[in-house]
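According to my numbering, the sequence shown holds residues 168 to 297 in order. In this text, a Cβ means the ideal position worked out from N, Cα and C, and glycines have one as well. Keep in mind it's a predicted model, so treat the numbers as computed, not measured.
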Amino acid sequence: MAEGDPGRKLSPSDSREAALAFISTLGADARLPAAADLPDAHSALVRAILSSTVVSASPDPRVSCTITVSPAVTNSYNTLHGGAVAAVAEAVGMACARAAAGDKEMFLGELSTAYLAAARLHVFYDVLEL
Numbered sequence: 168m169a170e171g172d173p174g175r176k177l178s179p180s181d182s183r184e185a186a187l188a189f190i191s192t193l194g195a196d197a198r199l200p201a202a203a204d205l206p207d208a209h210s211a212l213v214r215a216i217l218s219s220t221v222v223s224a225s226p227d228p229r230v231s232c233t234i235t236v237s238p239a240v241t242n243s244y245n246t247l248h249g250g251a252v253a254a255v256a257e258a259v260g261m262a263c264a265r266a267a268a269g270d271k272e273m274f275l276g277e278l279s280t281a282y283l284a285a286a287r288l289h290v291f292y293d294v295l296e297l
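This is how it looks when you write it as structure tokens:
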């Protein structure tokens, strides 16, 4: 059978090599920049995605911001990575909670994300949380 034929059964070593080759094409073996090792690297990345952030606590708590889809947070399809979507949702959700309840110690117990459409590279999106 030809290579890549769905009817062909791969040996465990062939399966391993094919999986490692696929993962390598995704860039998983690339070195991360030194900034990724800094203690606040995740928060800095999320803040870089968010721009024009406005938090108002009174009289009605409200948070609004703009998301910029940059190459740093896209997947191999040049759309916003799902993990970035969840990270932004968490950051904006926490900002909403703090706007309503004040600057108290809080944590997010659970987050569920549903994806309706892809956010394309170099596009700006307005986010509004109430």
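How many whole angstroms separate the CB atoms of residue i and residue j, which I take to be in contact at a CB cut-off of 8 Å?
{"i": "residue 236", "j": "residue 283", "result": "Not confirmed; about 15 Å, so no contact."}
{"i": "residue 281", "j": "residue 246", "result": "Going by Cβ atoms, the distance from residue 281 to residue 246 rounds to 16 Å, so no, they are not a contact pair."}
{"i": "residue 221", "j": "residue 259", "result": "Not really, about 11 Å apart at Cβ, beyond 8 Å."}
When we look at the beta-carbon of residue i and count the other beta-carbons within 10 Å, is it buried (16 or more) or exposed?
{"i": "residue 190", "result": "exposed"}
{"i": "residue 239", "result": "exposed"}
{"i": "residue 266", "result": "buried"}
Quick one: grab the DSSP three-state call for residue i.
{"i": "residue 214", "result": "helix"}
{"i": "residue 231", "result": "strand"}
{"i": "residue 291", "result": "strand"}
{"i": "residue 169", "result": "Because the pLDDT at residue 169 is just 49, under 50, the model does not fix this residue reliably, and the point stays unresolved."}
{"i": "residue 177", "result": "coil"}
{"i": "residue 246", "result": "strand"}
{"i": "residue 241", "result": "strand"}
{"i": "residue 252", "result": "helix"}
{"i": "residue 259", "result": "helix"}
Select from the options the residue whose C-alpha is nearest the C-alpha of residue i.
{"i": "residue 256", "options": "246, 213 and 244", "result": "213"}
{"i": "residue 264", "options": "251, 249, 181 and 228", "result": "228"}
{"i": "residue 292", "options": "207, 272 and 252", "result": "252"}
{"i": "residue 192", "options": "276, 206, 242 and 271", "result": "242"}
{"i": "residue 250", "options": "209, 271 and 274", "result": "209"}
{"i": "residue 290", "options": "216, 205 and 179", "result": "216"}
Nearest-angstrom Cα distance between residue i and residue j?
{"i": "residue 268", "j": "residue 261", "result": "10 Å"}
{"i": "residue 278", "j": "residue 254", "result": "10 Å"}
{"i": "residue 294", "j": "residue 186", "result": "37 Å"}
{"i": "residue 176", "j": "residue 233", "result": "48 Å"}
{"i": "residue 248", "j": "residue 203", "result": "17 Å"}
{"i": "residue 184", "j": "residue 195", "result": "14 Å"}
{"i": "residue 244", "j": "residue 198", "result": "21 Å"}
Compare the C-beta of residue i with all C-beta atoms of chain B and state if any pair is closer than 8 Å.
{"i": "residue 226", "result": "In the structure shown, chain B cannot be found, because there is only a single protein chain."}
Is any non-hydrogen atom of the ligand ZN found closer than 7 Å to the C-beta of residue i, if you look at the structure I gave you?
{"i": "residue 276", "result": "The ligand ZN is not among the ligands present in this structure, which contains no ligands whatsoever."}
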